[in-house]
Structures are given as C-alpha cells and as structure tokens.
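The structure appears below as structure tokens.
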Amino acid sequence: MTIRNLPNGISRRGVLKGASALGAASLILPAGVRPASAEPKKGGILRVGMGHGSTSDSLDPGSWDNAYSQVFATARHNNLTEIAADGSLAPEIAESWEASADAMTWTFTIRQGVTFHSGKDVTPEDVVASINYHRGEESTSAAKPIVENITDIKIDGQNVVISLNGGNADFPFIMSDYHIPIMPAVDGKIDPTSTDGCGPYVVDKFDPGVEALLTRNPNYWKSDRAHFDGIVLLPIVDAAARQNALMSGEVDVIDRVDLNTVHLLQRAPNIKILSVSGTQHYTFIMDSRADPFTDNNVRMAVKHAVNRDELVEKILNGYGVVGNDHPIGRSNRFHADDLEQRTYDPDKAKFYLREAGMDSLSLTLSASEAAFGGAVDAAVLISESAAAAGITVEVSREPADGYWSNVWMQKPFVASYWGGRPTEDWMFSTAYASGAPWNESYWEHEGFNKLLVEARSELDEAKRREMYVEMQRLVRDEGSTVIPMFANYVMAHTGAVATPEQIGANWTMDGFRAIERWWFA
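With numbering that gives the first Met the number 0, the residue at position 244 of the sequence shown is 243, and numbering never jumps.
As structure tokens, this is what we get:
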C-alpha cells in the first residue's frame, strides 16, 4: 500500500494553522517509565510533528545532524546494533559479536534472512561498505571521528571482522550510531542518496523541509515491531505551531514541547506528556587555561555558588534533574549513583575563595539562547545566587548569530549544552580527553586521561564501573565545567497512541525509535 491519500485530511497548511482546544488533565511520568500498555496491534497512520527539519536535510547518512533526520533514518534503516529502551545493547543486523582478549579485534556475525526494501539480501559486503563510507581521508561524514580508530575490516564467511588501533570495550555501542545504517552496496560502495534500507518502513516520498511519507515494510524481520500501516513525518520547527497541531488533532505525536507553555498541553483533552530523563545536559564552561580558572579552588567556589534546584525549577519548569558537575546521566550504565550530590552552599564557596587567596571575585558569564533555551535567564539566576558567596557575575548577552564560532571555546566563561552520549567513554573522549577538539574547557588531567585509556579496553564490567566512577569524581571535583542540570526529553502524544512500558532515554523520541516501537491503542 501507499499512504499518499491519507485519512483525516492532514495537510501542512492545516498543521500550521493552530488551534485552541483546552480541557482535561494530562499524564506526566518521569524517567521513561510508563504504565503497562495493552498488547501492540497493527494499523493506522502515525502523524509526527518534529521540532527540527529543513530544506537542507539530506538522505546522506554522514550529514544527519538533527532529530528529524535521525528519526527518519531509524524509520527506514537498521544498524549493526541497537540501544534497547533500558540502555543495554541489543543485536540488530549483527546477531552476535565477540571481542579478542585485548578488545582490539571485534567479530560480528551478520544476521541471515534480512532483506532490503528492494528485495536484495543483506550481506557482510553491505556491512563493510556501509562502515567504509565514513572512513578515509576523503570522507566528510560526521561519523568519521568515531570510526577513525578502525585499521582494517575483512569478511570471514558470514562474519565481519573489525580491527582497531587500540582496545575499545564499547565498540559495539559505536556501531549503533545513527550515522552508520546498513545500506545496500554495489561494487563495494553504498549510494548515500538511496532511500533503500532494511528497516521497518519504506519511503514513499521525501520532500526535505516539508514531509516524509512511509509505508510499513511487509518483509520486516522484527515481527514485534513496526505496528503502524504508515508514517507521516512533518518538520514543524515553530513550537507554538507544533503544540497547536497536536491539540487540534492534526498530528498524533510531537517532540520538543515548549516548557514555557507545557501547561496548555497539560489542560488539553486527551493529551499526554511524556517526559524522559536522559543524557541531555546544560553546562557553564570555565576555560581552565585562563585566570582565575587556572586555580581549581576558584572553580570549586563557582560550582558551590550555583543553585541547581532553582535552575531546574525555573529554567526547566521541573522537567529535569540536578546535575553533579559531570556529564554522565542517570540513564548511563556506569552512572556514579553513590557520588555525593553537590548543592548550593555559599559558605563553602567562600571557603574555596579563601583557599584561592581571595575575599571576592568578579566574573563575566557569556550566554545566548543559541546555547540552550533559557540560557540567558539561567546565567542571571547564577549571578543572583553567586552574589551571596561574594562572587559578582556580570551576564554578557551574546548574539545567537556566531555564538558557536565567536564565543564558545573563545571566551573564558560561557554557556553550552550537550545531548550526551550513550556510553561513558564516548562522552568523556569527545569533550574531556586531552586534545579532543571539543574539550571545551581545555581541561588537562593526567590521571583522568590514563583511566580513560585503561577503561576503554577493560572487558571486566565491575572494574570498568570503578574506573568510570572515579573519572566522574575527577571531573566533578577537579574539572572546569559546571553542570547544574540535566534536561528531560519532553514529548507529547494523543491518548490514541500507546507506548511500551520502558521508553528509551539515550535520545529523544524513544531513542529515535518511536516510529518502530509505538502503536495505536
């Protein structure tokens, strides 16, 4: 079937018109836990309004840089591995894998009996070509940095054997990255402009910045997934239009609920709020090379001068949790649950100032809405809370245009944000390792870097936990980043939509897999 003639008469114009339906209360549940839903059933057209998407969106997997592209990708593709809703790693196109003793060689057994939408069988050759697309000097893929440690890929029967230049116990997690779908190969290369995939839905139409239409793959190998007959995926970047589209019944699901107006959805009839605590976090970066931040006592004083509870309440409207000055979220496997939570303590901030030989301190904090929604207001709140500790913070409201090139990693004290990463090594290696291009605070710590390398190749889970907990402690107590809050992924859907009991917290929209995992009640 196709879904060009859609029920309910949906149109882009209709979606953007808006509405004003208000009424009964909605349901809000934390941490991705939902009431047990009825058994999934097949049928219906799911209409999704996304807060990203533009005319520049591409089918090229190396270019996917927003949630619209990423959700569209998982609707039509599979990867070697999949991050399950509980954060564990599950097999996908690779039915199993094993590592050498030093974690430098990984052997993936490729699942048999899986076909692309075109009818072609998925083979080890397709896997090799799909990975190789992101490798090499000529690659412009966003995934190039995470596969650059691959030194060789070869085929051994139904196996794909990947050699690395160093041990990496998390390598199968990296193969779940949304940039690396398994695509059909011809003469050893994939066509990055092809819509052909081996995932749950077949593309009928893709008009960048306007809509994507998909139909259920009748030959999908996962019998317990892909419940909808078809999908309409709409980019609705304007928050008010997106919210109105849901309240008026023009769409069934939206992401990126506007926290300033979420109360309207809470009062709308038959609307449910889905709030999931994951890895997304908001940060304030101190350049560890620049005085006074060269002194860790100053950094500790600033950390204790931030009222985290107030930020979660006033900036996130409660849709988040306090941070503990390290980037590992509560949904990560090795989150340091027992690490003492840092709290607002002006007296302790004053103590650290005295340790730095200071009675007071004056700083300039650069912020912009480009960093994250509410960043300027958050900076003002930090200025107010820090005053009680003898720290004067002048807020510099920076223009959004050019913020990431002219302010971030340029000025000494700035607002920033991270979507987080599914694994501890991935997050630490990206933003805290010595010499990492996105080590935004320019932090250098010999002990941390030594642990990072050791933990990466350690296959004993208990030993790895000890190492990652210690790294979280080092970043919290000696790092140069204030991480006061983790922001929930906040979505909403009509009562007609049913979800699994566990919702993925690794990315928004159920780990980008809502289209594959959800159904109509």
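Just so you know, even glycine gets a beta-carbon here, dropped at the ideal spot from N, CA and C.
Nearest by alpha-carbon distance to F511: which of T54, G61 and A83 is it? Working through the sequence shown from its first residue, we reach residue 511 at position 512. The residue from T54, G61 and A83 with its alpha-carbon nearest to that of F511 is A83.
Enumerate in chain order the residues of its own chain whose CB-to-CB distance from S25 is below 8 Å, with the five nearest sequence positions on each side excluded. Here residue 25 refers to the residue found at position 26 when the sequence shown is read from its first residue. With a pLDDT of 36 at S25, under the threshold of 50, the modelled position of this residue cannot be trusted, and the question is left open.
Using the DSSP secondary-structure output, state which residues sit across from T480 in a beta bridge. Residue numbering aside, residue 480 sits at position 481 when the sequence shown is read from its first letter. DSSP lists I284 as partners of T480.
N-terminal and C-terminal residue of the alpha helix (DSSP H) that G446 is part of: As a first step, residue 446 must be located in the sequence shown, where it is residue number 447. For G446, the enclosing alpha helix (DSSP H) starts and ends at E445 to S456.
So, helix, strand or coil for S162, using DSSP? Residue numbering aside, residue 162 sits at position 163 when the sequence shown is read from its first letter. In the displayed model, S162 falls within a strand according to three-state DSSP.
Option in A100, E368 and T391 with minimal Cα separation from A399: For the purposes of this step, residue 399 is taken as the residue at position 400 of the sequence shown. The shortest C-alpha separation from A399 is found at E368.
Using a Cβ-Cβ cutoff of less than 6 Å, which residues in the same chain neighbour P183 once the five nearest sequence positions on both sides are dropped? For this step, residue 183 is matched to residue 184 along the sequence shown. Hits under 6 Å: F115, K119, D125 and D195.
Where M103 falls: helix, strand or coil (DSSP): To locate residue 103, count along the sequence shown from 1; it is residue 104. Here M103 sits in coil by DSSP.
Span of the beta strand (DSSP E) holding T490? As a position in the sequence shown, residue 490 is number 491, starting the count at 1. Checking the sequence shown, residue 490 turns out to be Met, not Thr. Start and end: Y488 to T493.
Is it buried or exposed for A388, if we count other Cβ within 10 angstroms and need 16 for buried? As a first step, residue 388 must be located in the sequence shown, where it is residue number 389. By the neighbour-count rule (16 or more Cβ atoms within 10 Å), A388 is buried.
Any idea what DSSP makes of P90, helix, strand or coil? Position 91 of the sequence shown holds residue 90. Of the three classes helix, strand and coil, the one that applies to P90 here is strand, per DSSP.
Is it a yes or a no for the stretch 208-218 touching the stretch 105-112, going by three-plus beta-carbon pairs under 8 Å? Verdict: no, contact absent.
My understanding is that N505 touches G86, with C-beta atoms under 8 Å, so please give their C-beta distance in whole angstroms. Position 506 of the sequence shown, counting from 1, holds the residue named residue 505. Position 87 of the sequence shown, counting from 1, holds the residue named residue 86. So it is a contact: roughly 7 Å between Cβ atoms.
Unbroken stretches of the alpha helix (DSSP H), 4 residues or longer, contained in the stretch 202-284: Listed in chain order, the alpha helix (DSSP H) elements of length 4 or more contained wholly in the stretch 202-284 are 238-246 and 261-266.
Quick check: what's the CA-CA separation for F292 versus M285? In the sequence shown, residue 292 corresponds to position 293, counting from 1. In the sequence shown, residue 285 corresponds to position 286, counting from 1. Rounded to the nearest angstrom, the two C-alpha atoms are 6 Å apart.
In chain order, which continuous runs of the alpha helix (DSSP H) of length 4 or greater are located wholly inside the stretch 127-195? Those alpha helix (DSSP H) runs which fall completely within the stretch 127-195 and span 4+ residues are 143-146 and 170-173.
Looking at C-beta atoms only, is the number of pairs between the stretch 341-356 and the stretch 295-311 that lie closer than 8 Å three or more? In short, these stretches touch, since the Cβ pair count reaches three.
So who's on the other strand from E354, going by DSSP bridges? As a first step, residue 354 is located in the sequence shown; it is residue number 355 there, counting from the start. Bridge partners of E354: none, in fact.
What's the gap between the Cα of V70 and the Cα of L352? Position 71 of the sequence shown holds residue 70. Position 353 of the sequence shown holds residue 352. Whole-angstrom Cα-Cα distance: 47 Å.
Where L458 falls, given that 16 or more other Cβ within 10 Å makes a residue buried: As a working note, residue 458 is residue 459 in the sequence shown. Looking at its Cβ environment, which holds fewer than 16 other Cβ atoms inside 10 Å, L458 is exposed.
Residues near D358 in its chain [Cβ-Cβ closer than 8 Å; skip 5 each side]: Stepping through the sequence shown from its first residue, residue 358 is reached at position 359. L352 and G389.
Under a three-way DSSP split, which group does Q111 fall into? Translated into the one-based positions of the sequence shown, residue 111 becomes position 112. Note: Q111 maps to coil in three-state DSSP.
Quick one, which of R241, N65, V252 and D251 has its alpha-carbon nearest T260's? Counting from one through the sequence shown, the residue named residue 260 turns up at place 261. If we check each option's Cα against that of T260, R241 comes out closest.
Under the three-state DSSP convention, the category G319 falls into: Along the sequence shown, one-based indexing puts residue 319 at 320. Residue state, collapsed to three classes: strand.
Which same chain residues, not among the five before or five after K204, have their C-beta less than 8 Å away from its C-beta? Taking the first residue of the sequence shown as 1, we reach residue 204 at position 205. So the list reads R3, E210, A211 and L212, once near-sequence residues are dropped.
Whose C-beta lies closer than 7 Å to the C-beta of N218 among residues of the same chain, with five residues either side of it excluded? Taking the sequence shown and counting its residues from 1, one reaches residue 218 at position 219. Correct list, in chain order: T114.
Per DSSP, what kind of secondary structure is R332 in: helix, strand or coil? By one-based count along the sequence shown, residue 332 stands at place 333. If DSSP states are grouped into helix, strand and coil, R332 belongs with coil.
How is E38 classed by DSSP in three states: helix, strand or coil? Looking up residue 38 in the sequence shown gives position 39. If DSSP states are grouped into helix, strand and coil, E38 belongs with coil.
What distance in whole Å lies between the Cβ atoms of Y200 and L258, which are believed to be in contact at a cut-off of 8 Å? Translated into the one-based positions of the sequence shown, residue 258 becomes position 259. Translated into the one-based positions of the sequence shown, residue 200 becomes position 201. The beta-carbon separation of L258 and Y200, rounded to 30 Å, does not stay under the 8 Å limit for a contact.
In chain order, what residues of the same chain lie with their CB nearer than 6 Å to the CB of G48, ignoring the 5 residues before and after it? As a first step, residue 48 is located in the sequence shown; it is residue number 49 there, counting from the start. Its chain contains L233, I235, R241, A244, V250 and I253 as the residues whose beta carbon lies nearer than 6 Å to that of G48, once the 5 sequence neighbours on both sides are disregarded; these appear in chain order.
Under 8 Å, with one C-beta from each stretch per pair, do the stretch 392-409 and the stretch 333-340 reach the 3-pair mark? The answer is no - the stretch 333-340 does not touch the stretch 392-409, with fewer than three Cβ pairs under 8 Å.
DSSP beta-bridge partners for A98? Taking the sequence shown and counting its residues from 1, one reaches residue 98 at position 99. DSSP lists W105 as partners of A98.
I'd like to check one pair, A300 with L364: are the Cβ atoms closer than 8 Å? In the sequence shown, the residue the question calls residue 364 occupies position 365. In the sequence shown, the residue the question calls residue 300 occupies position 301. It is not a contact, given that the beta carbons lie outside the stated cut-off.
Where H76 falls, given that 16 or more other Cβ within 10 Å makes a residue buried: Here the question's residue 76 lines up with position 77 in the sequence shown. Under the 10 Å beta carbon count, H76 is surrounded by 16 or more other beta carbons and is classified as buried.
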